[in-house]
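As structure tokens, the structure follows; a few thoughts come after it.
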Amino acid sequence: MLLGVGLIVAEILVRNLLNGTLYITGEYTGYLMVSITFLGLAYTMKEKEHIRITVIHKFIKSCKKRLFIDIYANIVGLAMFLVVIIATTNLFWNSLVTESQSGQVSATYLAIPQFALPLGAVLITLQFVSEIIKLILKLRRSEFSTDVIDTD
Numbered sequence: 005m006l007l008g009v010g011l012i013v014a015e016i017l018v019r020n021l022l023n024g025t026l027y028i029t030g031e032y033t034g035y036l037m038v039s040i041t042f043l044g045l046a047y048t049m050k051e052k053e054h055i056r057i058t059v060i061h062k063f064i065k066s067c068k069k070r071l072f073i074d075i076y077a078n079i080v081g082l083a084m085f086l087v088v089i090i091a092t093t094n095l096f097w098n099s100l101v102t103e104s105q106s107g108q109v110s111a112t113y114l115a116i117p118q119f120a121l122p123l124g125a126v127l128i129t130l131q132f133v134s135e136i137i138k139l140i141l142k143l144r145r146s147e148f149s150t151d152v153i154d155t156d
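Oh and the sequence shown: position 66 is 70 in the numbering used here, straight run, nothing missing.
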């Protein structure tokens with residue numbers, strides 16, 4: 005992220021002081037933004053910082069049922085990111101094999117920035133697996149002596 009900010013600041017300075025441009029600022033900050041997003045997905049999930057819609061949890065008081073809902077939601081997320089892995093790997097591989105380059109002045113080989121996409125997708129997929137395992141273990145070891153939770 006600091007690299008992106010540095011590029012933008014450098015572009016501003018070059019434009020204002022030298023009446024020129026770096027030519028790569030927009031392109032490379034775009035690559036960095038996508039890379040940061042994909043590579044940060046798994047960590048954000050691990051830290052429980054993703055936005056969660058918990059409307060269903062408000063209506064279901066049973067801990068056990070909530071755990072089943074969470075397991076189901078994580079399985080759906082896992083399935084979705086398995087598709088994302090396939091799509092992003094195909095994109096990366098196609099760019100690598102065909103030696104695709106950006107249409108910008110830099111002519112960056114697109115496989116380089118695109119590598120972050122399948123890598124980030126694999127990392128969040130592993131995090132989904134981890135979350136599912138944790139939820140199943142929690143479900144198995146819980147006695148549910150207080151099976152009903154007050155949500156107020």
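Even for Gly, the Cβ is constructed at its ideal location relative to N, Cα and C. Keep in mind that this is a model prediction, so the values were computed, not measured.
Does the beta-carbon of residue i have 16 or more other beta-carbons within 10 angstroms, so that it is buried, or is it exposed?
| i | result |
| --- | --- |
| S39 | buried |
| N23 | exposed |
| Q118 | buried |
| T155 | Only weak support exists for where T155 lies, its pLDDT of 43 falling under 50; the value from the coordinates is given anyway. Exposed, because fewer than 16 other Cβ atoms sit within 10 Å of the Cβ of T155. |
| Y159 | Outside the shown range of the chain, which is 5 to 156, sits residue 159, and nothing can be said about it. |
| F42 | buried |
| L17 | exposed |
| L21 | exposed |
For residue i, I'd like the list of residues in its chain whose CB is within less than 6 Å of its CB, leaving aside the five on either flank, ordered along the chain.
| i | result |
| --- | --- |
| S149 | The pLDDT assigned to S149 is 49, lower than 50, so where the model puts this residue is not dependable, and the model offers no usable value. |
| F85 | A125, I128, T129 |
| Q105 | A111, Y113 |
Hey, residue i and residue j are a contact pair by Cβ (cut 8 Å); roughly how many whole angstroms apart?
| i | j | result |
| --- | --- | --- |
| T129 | I75 | So it is not a contact: roughly 16 Å between Cβ atoms. |
| S99 | A115 | 4 Å |
| T33 | I12 | 6 Å |
Across which residues does DSSP place residue i in a beta bridge pair?
| i | result |
| --- | --- |
| Y35 | DSSP output for Y35 lists no bridge partner at all. |
Can you list, in chain order, the residues of its chain with a C-beta nearer than 8 Å to that of residue i? Leave out the 5 residues immediately preceding and following it.
| i | result |
| --- | --- |
| M49 | I128, Q131, F132, E135 |
| Y27 | Q108, V109, S110 |
| M37 | G8 |
Return yes when the Cβ of residue j is within less than 9 Å of the Cβ of residue i, no when it is not.
| i | j | result |
| --- | --- | --- |
| L121 | L95 | yes |
| I73 | H61 | yes |
| A46 | T29 | no |
Ordered along the chain, which non-local residues of its own chain (more than five positions away) have a Cβ less than 7 Å from that of residue i?
| i | result |
| --- | --- |
| E103 | Y113 |
| T93 | P122 |
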